[in-house]
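Each residue of the sequence shown is one higher than the one before, counting from 141 in my numbering.
For every residue, glycine included, the Cβ atom is placed at its ideal position computed from N, Cα and C.
Single-structure report; data block below.
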Amino acid sequence: MADIPLIGKKEENSNNTLNIVQCPKCQYKYFETLHLIQIISELMSKSGKKEMIMVPVFRCGKCGFILNETKE
C-alpha cells in the first residue's frame, strides 16, 4: 500500500487520548453514516438560489438509535 502524503499539519494522537463513542442505549460502538438533507432558502444561501446540503447523521449498527452529539 502506497504512502499518501498528508496535507497540512500532522497531529499526533495516541489511543490514550481518544474516546470511543458508544450507543447510549445498547453500548454498541459501530455506527452507520446516513445523510440528513436540508434545504437552504434563497435568502440564506450565498448564491441567492435554493440549495440542498447533506448533514452526516450516525445510526447505531445494532439498535438503530440516532446519535445526536450536537444539542440544538
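Item to check | Proximity to residue 196 [Cα-Cα], best of 183, 206, 157, 169 | outcome: 206
Next on the checklist: Taking only three categories from DSSP, how would you classify residue 191?
Outcome noted: Strand, per DSSP.
Checklist entry - How would you label residue 203, buried or exposed, when you count the other beta carbons within 10 angstroms and need 16 or more for buried? => result exposed
Item to check | Beta bridge counterpart(s) of residue 196 as assigned by DSSP | outcome: 175
Item to check | Three-state class that DSSP yields for residue 207 in the structure shown | outcome: strand
Next on the checklist: I need the DSSP call for residue 160, collapsed to helix, strand or coil.
Outcome noted: coil
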